[in-house]
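Undergrad: Structure in structure tokens, see below.
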Amino acid sequence: MAFYVVQFLTGLASAASLFLVASGLSIIFGVTRIVNFAHGAFYMIGAYVAFTLTERLSGAFGFWGAIVIAAFAVALIGVLVEMVLLRRIYHAPELFQLLATFGLTLMVEDLVVLIWGPDDLVGRRAPGFKGAIDFFGQNIPSYDLFLIVLGPVVLGILWLLFQRTRWGVLVRAATQDRDMVAALGVNQKWLFTSVFAVGVFLAALGGALQIPRDAVHHAMDLRIIVEVFVVVVIGGLGSIIGAFVAAVLVSELNAFGILIFPKISIILVFLVMAAVLIVRPWGLFGRPEAPARKTPGLTVNPWRPLTSNERLAALAALVIAATLPLFAGNYALTVGSEIAISVIFAVSLHFLMSVGGLASFGHAAYFGLGAYGVAFLAKMAGLPMIVCLLLGPLLGCMGAAVFGFFAVQLSGVYFAMLTLAFAQIVWSIAFQWVSVTGGDNGILGVWPSSWAASPSHFYWLSLGVAALVTIALRAMVFSPFGYALRATRDSLLRSEAVGINAKRIQWTAFVIAGTTAGIGGALFAYLKGSVFPDNLGISLSVDALVMVLLGGVETVSGAVIGAIVYKALNIWLVSQTDLSKLVLGGFIVLIVVVFPKGIVGMLEMLAHRRGKTSPPGSPLLAKPIESAE
Amino acid sequence: MSVAPPLLAVEGLTKSYGGVHAVRGVSFSLRAGEILALIGPNGAGKSTCFDMLNGQNRPDSGHVRLLGEDTTGRKPREIWRMGVGRTFQITATFATMTVRENVQVALISHGKQLYNLWGSAPNFDRGEAGRLLELVGMGGYADRPCGELAYGDLKRLELAVALANQPKLLLMDEPTAGMAPRERVDLMRLTAQIAREKSIGVLFTEHDMDVVFEHADRIIVLNRGTLIAEGSPAEVRGNPQVQAVYLGEGLLYEAGHREGASA
């Protein structure tokens, strides 16, 4: 019995930091409508800065002073970020806001390693809370008890701040109706900046308070942000009390989940989240949101199928691409295969994101599931390659069918957060369930059959599949289903009013996109000869988003161009620098701020300016593997 | 005539929010080919009533019957499948698609081809889409992106989309709100003409009394959630109770305010 009580208290202690970070995210979202992906990064910087300060300053005052100073210092960084970056994108589509703040996260990860090194840092114990308290033979760290008390205290302070101060009243008013608050003569700029500062302060404080409990390391940002997303989805974005209740719930589920499913403890959290979403899609304490801003919205440029000339050009590009093995070496062919697989991955996300308006932040889950599907079939069942390639993607299909069902109940930022959380769950399963997936060691020795083993043959196989997938998905864009999908993206109200079951259309699109990504993953497993949890990790999901964005999120064929350009650059970049995340993050922020239309979007616009309707395919660029219908 | 059930029969429709009775025991019916206006001052319950007919909102009690079949509490898309087209007070169209594609989406849905992955949508029922656009005078705009249209043209497009499933009943929520006076007359004339030709029943809410008295065959008047009058334009105009209700807002003929939030 005592053991369970201690487990319960440990859960409560973990809830404190989670609540601090989640409430910060909620407050920022309430006023600015930005889901700050970089919130985990601020949490991490808070921990690092606090670590350095607690090492320098001595004594009890030094320790606690260092924690508070660290939170304030990071809040100042937050103010800088808000003024320099966020102010430029408050009116951008929400996808761009998520991506820009994600780019920031990537940059911070490399910067942190640059400043503090790649090793885990173990901080000082908190003065006055170094020991443990004996509870019927079980030990409870006294610092845990401090955190348990701290959570409700912070909740109380926030309540007073919002109920009793002028600033709090303004924040609550802005959360309900921003435009009205602006119309009443409130300086929006400073309100937004101060709200962002408070939110970041809470995140950094949460990070700083973790150092006596946990080692500080450079991957803690993603771990916390995924948990925080789960918390705000359950609790309801914009609700502080919701953040508190959900933080406690999630922490307890984690604490007890380990006892029930030691291998896959995260399952329990997922089940609860699924249940909440079915009953209250906007969270326990949230309110139904007004329809989200549409993902597209930069331009209105009708889509049309390729003309016959454009088809010929695309075909010619494909033929040229197919001649690569005649003059290129093995390394170039392997890179070529990887690029072709990236094209498959990118067009599958494009179908969901640009055609369906559903920006998935966890699309790699289905790519990775396809790869694992192949690995299971090849290694455990010993099936031949062709069978594995055909059946492997079914695992991606099934994953998409299950997760997609829940994901399409939501839209906009909720959809993005939920897909990210799902992907992280799949990743955790692959990582934790060692007996089946091999955990971190992955599954090795997934080699292609002899007919596809040579680099040139594998390249032709990848190129052929990429071309087929691109053609098929493009045909679907211009099929009746594609029109229905675009209709649900443009107006849910109108689509329901013309008899369309929007959720079911979107679910179907989700399954199609997931299965297609699984095809890419299946090829990828054979290309690498192995499968690892990274094949369904967050960074791969973001790669796909950036490929679509770089090509042009509002074009039909941008994803193909984006995938080719991005993948080639990425492979080159990784070979040139150790700071690839810093460069990539900066690159993402740059695209969002100065180049939101993407490559193909820009070309279309230029062609428009010349007074001529432009081909969406842009056959001028090197080897676009595509055609129409 | 009297044996067949009316096109639309509403019986004892009631809805309250908290302690506020938004709609109380409203009953009326509508025949095929008839144009019925639902009027009343702000907060009278028009929008609530309307939303219960089209499935957007569920009544606390009462029934809605379409050609004898009970549609109470069904989803908007199910009601559409039974032959009810609708237009919105604030237009809802597919903004990134062309005018023709907007109509084609409705035709695809009507033809139950929504899950057809391989057909060619640009060629789907192109002729019928063209005819519908001609009918509402939008034939020349077929290839224009919908997001570029003027507001009056969007209203016409909505009418074409609403007609795509060959409806028996049209529900139009403030069809002329936000339009110039000239456009209002044109749109209502067009609607009335189509309704009579195809024997479609039309129910519309409207604040512009000129539009109401010129085009409605019959008018029902709501006030504070209850039906206070029903009859021909002449009867309603002469009804002292209706005049009393409207005097608070000025003269009957000038009560052209737009309705704000629904009651």
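Those sequence lines, one after another, are chains X and R.
If you count the first sequence from 1, position 527 lands on 1217 in the numbering used here, and the numbers rise without skipping.
If you count the second sequence from 1, position 3 lands on 54 in the numbering used here, and the numbers rise without skipping.
Don't be surprised by glycine CBs; every beta carbon is placed ideally from N, CA and C.
Predicted model, so just to flag it, every value in this text is computed and none were measured.
#1: For a cutoff of 8 Å on Cβ pairs, would you count Ile-1195/X as touching chain R?
#2: Along the region 98-116 of chain R, what residues have a CB closer than 8 Å to any CB found in chain X?
#3: Anything in the region 183-211 of chain R with a Cβ closer than 9 Å to a Cβ of chain X? List those residues in chain order, please.
#4: Closer than 8 Å is the cut-off here; do at least three beta carbon pairs connect the region 1080-1091 of chain X with the region 1200-1218 of chain X?
#5: For a cutoff of 8 Å on Cβ pairs, would you count Ile-1261/X as touching chain R?
#6: Identify, in the order they occur along the chain, each residue of the same chain with its Cβ nearer than 8 Å to the Cβ of Leu-708/X, setting aside the five sequence neighbours on each side.
#7: Using alpha carbons as the reference points, say which of Ile-1289/X, Leu-850/X, Gly-1129/X lies closest to Ala-1253/X.
#8: Using a cut-off of 8 Å between C-beta atoms, extract the partners of Asp-1180/X located in chain R.
#9: Under the three-state reduction of DSSP, which class applies to Tyr-166/R: helix, strand or coil?
#10: Report the CB separation of Val-262/R from Arg-233/R in whole angstroms; it is logged as a contact under 8 Å.
#11: Quickly, what does DSSP pair Asp-824/X with across the bridge? List them, please.
#12: Any C-beta of chain X sitting closer than 8 Å to the C-beta of Tyr-68/R?
#13: Step through the CB atoms of chain R and report whether any lies within less than 8 Å of the CB of Phe-1168/X.
#14: So, is the C-beta of Gln-155/R closer than 8 Å to a C-beta in chain X?
#15: Quick one: grab the DSSP three-state call for Pro-37/R.
#16: Using the DSSP secondary-structure output, state which residues sit across from Gly-80/R in a beta bridge.
#17: Helix, strand or coil for Phe-975/X? Go by DSSP, reduced to three states.
#18: Quick check for students: name the residue ranges of the beta strand (DSSP E) that lie wholly in the region 917-969 of chain X, counting only runs of 3 or more.
#19: Which same chain residues, not among the five before or five after Leu-747/X, have their C-beta less than 8 Å away from its C-beta?
#20: Using the Cα positions of Asp-102/R and Arg-125/R, report the straight-line distance between them to the nearest angstrom.
#21: Which same chain residues end up closer than 8 Å to Pro-902/X when comparing Cβ atoms and leaving out the 5 residues on each side of it in sequence?
#22: Could you round the C-beta distance between Arg-1176/X and Thr-142/R to whole angstroms and report it? I think they count as a contact, below 8 Å.
#23: Out of Leu-238/R, Leu-158/R, Asp-111/R, point me to the one whose CA is closest to Gly-70/R's CA.
#24: Asp-904/X: which of Trp-972/X, Ala-740/X, Lys-879/X, Ala-1004/X sits nearest, CA to CA?
#25: In chain order, what residues of the same chain lie with their CB nearer than 7 Å to the CB of Glu-85/R, ignoring the 5 residues before and after it?
#26: Is the CB-CB distance between Gly-134/R and Leu-220/R below 8 Å?
#27: Just to make sure I have the definition right: I need the residues of chain R whose C-beta is within less than 7 Å of the C-beta of Glu-1186/X. Which are they?
#28: Please name the residue in Gly-289/R, Arg-288/R, Val-272/R whose C-alpha comes closest to that of Glu-281/R.
#29: Taking the alpha helix (DSSP H) that Arg-137/R belongs to, which residues open and close that run?
#30: For Leu-167/R, count neighbouring Cβ atoms within 10 angstroms of its own Cβ and tell me buried if that reaches 16, exposed if not.
#31: Buried or exposed: which applies to Met-691/X, given that a residue is buried once 16 or more other Cβ atoms fall within 10 Å of its Cβ?
#32: Pull up the distance between the alpha-carbon of Ala-712/X and that of Val-1282/X, whole angstroms please.
#33: What residues of chain X sit near Gly-181/R, judged by a beta carbon separation below 7 Å?
#34: Check each residue of the region 130-141 of chain R: if its Cβ is closer than 8 Å to any Cβ of chain X, include it; give the result in chain order.
#35: On the DSSP bridge list, what partners appear for Arg-116/R?
#36: Quick one: is Asp-224/R buried, meaning 16 or more other Cβ sit within 10 Å of its Cβ, or exposed?
TA: In short, the structure shows the following:
#1: Interface criterion met: the Cβ of Ile-1195/X is under 8 Å from a Cβ in chain R.
#2: Asn-105
#3: Asp-194, Arg-195, Pro-196, Cys-197, Gly-198, Glu-199, Glu-209
#4: The region 1080-1091 of chain X is in contact with the region 1200-1218 of chain X.
#5: For Ile-1261/X, the answer is no, since every Cβ of chain R falls outside 8 Å of its Cβ.
#6: Taken in chain order, the residues that qualify are Gly-896, Ile-914, Glu-917, Val-918, Val-921, Ala-937, Val-940, Ser-941.
#7: For the options Ile-1289/X, Leu-850/X, Gly-1129/X, the alpha carbon positioned closest to that of Ala-1253/X is the one of Ile-1289/X.
#8: Thr-144, Phe-145, Ala-146, Thr-147, Met-148
#9: coil
#10: Actually they do not touch by this definition, with Cβ atoms about 12 Å apart.
#11: Asn-829/X
#12: no
#13: yes
#14: yes
#15: Residue 37/R lies beyond the range of chain R shown here (52 to 314); nothing can be said about it.
#16: The sequence shown places Ser at residue 80/R, rather than the Gly named in the question. In DSSP, Ser-80/R forms a bridge with Ala-60/R.
#17: coil
#18: none
#19: Phe-753, Gly-755, Ala-756
#20: 11 Å
#21: Gly-813, Arg-814, Arg-815, Ala-816, Phe-819, Tyr-833
#22: Not quite, the Cβ-Cβ distance comes to about 18 Å (not below 8 Å), so this is no contact.
#23: Asp-111/R
#24: Ala-740/X
#25: Around Glu-85/R: Gly-252, Asp-268, Arg-269.
#26: yes
#27: Pro-127, Arg-128
#28: Of the listed residues, the one whose Cα sits closest to Glu-281/R is Val-272/R.
#29: First-last for Arg-137/R: 135-138, but that is the beta strand (DSSP E), not the alpha helix (DSSP H).
#30: Note that residue 167/R is Asn in the sequence shown here, rather than Leu. Buried, by the Cβ-count rule.
#31: exposed
#32: 25 Å
#33: In chain order: nothing, as chain X lies at least about 16 Å away.
#34: Trp-131, Arg-132, Arg-137, Phe-139
#35: Ala-60/R, Asp-121/R.
#36: buried
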